[in-house]
Structures are given as C-alpha cells and as structure tokens.
Amino acid sequence: MAEAKEKKPQPKKEKKKAAKPYVQHKYCPKCGPGVWLAEHKDRKSCGRCGYFEKK
Ligand SMILES: [Zn+2]
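FYI, the numbering used here numbers position 31 of the sequence shown as 292, with every residue one higher than the one before it.
Here is the structure:
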C-alpha cells in the first residue's frame, strides 16, 4: 500500500523588507534631521556638535 504523501501547497512567504540593519538612530536635537546620534554603550552622542544623552 502506497501511502499518499500529504503535500500541502506552501504559499511563498514574501520576505518583509528589512527596514535597516542598524538600530534606529535618533536625530541630534541640535543639528537637526540628517545628523544622527551615534550609538554607544550607555549613551548616544553626536559627532558633529558633541551633544550626547544618556540612555
Ligand atoms: Zn549635533
């Protein structure tokens, strides 16, 4: 007796576009949009004006 294999049609899952490989960065409040704060261990800092904020 041949067993009928149950073959379910597998709908192709569309891969969601990965937004960004990086962590969401925050804009520098001083420099404005376009300048992100760099991620550090326990703080974020702006490499442009030196602004930083603790996490
Ligand atoms: Zn800045």
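Cβ coordinates follow ideal geometry from the N, Cα and C atoms, glycine included.
Check, Outcome
"Can you have a look at Cys310 and say buried or exposed, based on whether 16 or more other CB atoms are within 10 angstroms of its CB?", "exposed"
"Is the separation between the beta-carbon of Gly316 and that of Arg304 shorter than 8 Å?", "Note on identity: in this sequence residue 316 is Lys, with Gly being the wrong assignment. Yes. Within cutoff."
"With respect to 7 Å, is the separation between the Cβ of Lys287 and the closest non-hydrogen atom of ligand 1 below this value?", "no"
"Nearest to His301 by alpha carbon, out of Gly295, Glu275, His286, Pro270?", "His286"
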